[in-house]
Structures are given as structure tokens and as C-alpha cells.
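Structure first, commentary second.
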Amino acid sequence: NTSTRRTLFDLSVSRRGNEEGLLGLAFHPQYAFNGRFYVHYSAGRERCTGDAERCSIISEFRRADNGPARLDSERRLLVIEQPFSNHNGGSLNFGPDGFLYISMGDGGAAGDPLGHGQNTNTLLGNILRIDVIPSGGRPYTIPDTNPFVGGGGRPEIWAWGVRNVWRMSFDQRTGALWAADVGQNRFEEIHRLSSPANLGWNIR
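Note that the sequence shown ends on residue 213 in the numbering used here; no numbers are left out.
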């Protein structure tokens with residue numbers, strides 16, 4: 010029981026589009042000891058890289074000595090350019106393997122006009138899997154069992170061919186990943202994943 014409350018985290022994010030904003034939050038499995046947590050948020054040009062008008066940012070933050078999170082503790086893991094304001098995905102989940110799973114939508118509009126779903130050379134239209142420990146010049150490590158770690162696609166990809174997995178969750182009993190994918194016009198999909206897979210969008 011408590012009669013008080015404190016703000017842990019207060020971050021200004023882009024809300025220009027109705028599917029943008031603070032999209033995901035995941036606490037590190039050792040959060041009680043290291044105070045680290047991860048957010049997936051939308052940003053405009055002032056925070057993106059290059060000439061991107063909008064982007065999705067996956068960052069690590071830390072709380073300060075059991076107090077509020079420090080905004081100056083931000084450590085960016087990924088900055089992903091977004092061509093449209095919708096289909097940003099957004100879910101962040103630590104799996105039973107200790108890796109961070111990140112859902113990224115196909116980039117938006119309708120019908121996947123840029124063909125991201127079946128293009129494994131882009132981070133859009135995928136579920137990504139990374140280790141949050143820096144390695145090899147990256148702010149994260151690529152798990153050596155990711156399907157494209159040896160070539161054929163971006164090594165961060167774990168599952169591909171998704172339209173807009175906006176929420177997902179790990180089954181505590183089986184370890185399987187349940188992913189809710191937004192359909193177009195007629196069908197919605199729920200996927201049960203225990204290994205990497207091509208989930209079919211946009212060819213079906």
C-alpha cells in the first residue's frame with residue numbers, strides 16, 4: 010500500500026500521426042539491480058539521422074538511484090527511418106533467452122507500397138532480435154542464431170513478412186512468442202512463433 014506516487018519517466022515524443030508516440034516499454038530482466046529500461050518512440054527530423062522527416066528510435070534509459078529516469082542517460086540502440094506516420098509497430102519484449110525483441114511495422118500507407126514485408130534488407134516489416142550489450146562497433150550484439158547472421162538479410166531480423174505487429178507477448182509456460190498483426194480490410198492475424206519465420210506479408 011502507498012499513498013504517494015512519483016513520475017519515473019517523462020519524454021517528449023512525436024505525435025504528428027495517430028499511430029506515433031511512445032509505442033513500447035520493456036524493463037531489463039535485471040532492472041531491480043541495474044535500473045535499465047528500453048523504449049520505442051516516434052521522433053521528428055530534429056532527433057532522426059540524415060534527412061529523415063520521421064523515425065522510430067529504440068533507446069536505453071536508466072533510473073537514478075531509485076529515483077526518476079535520467080533523460081541524459083539515453084543510449085540509442087536503433088534509429089529507423091519511417092516513410093509514413095502509420096505502421097510503426099512498437100512492441101518491446103525481453104524473451105526467455107534474455108534478448109530484446111522489437112516489432113517494426115512495414116512503414117505505412119496501405120498495401121505495403123514500398124515492398125518492405127518481403128525485403129530482408131530493411132528493418133521495416135520485421136520482428137527484430139538483439140542483445141542489448143554493445144559489440145563490434147554497434148550499440149548492441151547480434152545473436153548468432155538469428156536467421157540472417159550469415160547473410161541474405163539484415164542480421165537483426167528474427168521474423169519477417171509482418172504488416173504491423175503492434176503488440177506481442179511471450180508465453181510464460183512454453184516460451185513461444187504470440188504476435189498480433191494488423192490485417193488489411195478483411196483479416197487480422199495472431200501468430201505463435203517458437204522459431205524464426207516468414208509470416209507472409211505482403212504476398213498473402
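All C-beta atoms, glycine included, are put in the ideal place defined by N, C-alpha and C.
Bounding residues of the alpha helix (DSSP H) (the contiguous stretch that carries residue i)
i	result
Tyr40	Tyr40 to Asn43
Sequence-distant residues of its chain with Cβ nearer than 8 Å to residue i (five each side left out)
i	result
Pro143	Tyr149 and Thr150
Phe121	According to the sequence shown, residue 121 is Asp rather than Phe. The residues are Asp115, Gly134, Arg172, Trp210 and Asn211.
Met177	Ser100, Asn102, Tyr110, Ser112, Ile136, Leu186, Trp187, Ala188 and Ala189
DSSP-derived helix/strand/coil call for residue i
i	result
His200	strand
Ser82	strand
Gly170	coil
Ser178	strand
Tyr149	coil
Alpha-carbon to alpha-carbon, residue j and residue i
i	j	result
Arg163	Asn10	47 Å
Ser51	His37	21 Å
Leu20	Gly192	30 Å
Unbroken beta strand (DSSP E) run spanning residue i, endpoints
i	result
Glu69	Arg63 to Arg72
Gly33	Leu31 to Phe36
Asp190	Leu186 to Asp190
Cutoff 6 Å; reference residue i; Cβ partners in own chain excluding five residues on either side
i	result
Trp169	Thr129, Asn135 and Asn207
Pro205	Pro156, Trp167 and Ala168
Glu29	Ser23, Ser51 and Ser94
Neighbourhood of residue i by C-beta distance below 7 Å, restricted to the same chain and skipping five residues each side
i	result
Thr16	Pro77
Leu123	Pro92 and Gly116
Checklist entry - Going along the chain, which unbroken runs of the alpha helix (DSSP H) with 4 or more residues stay wholly within the stretch 76 to 140? => result none
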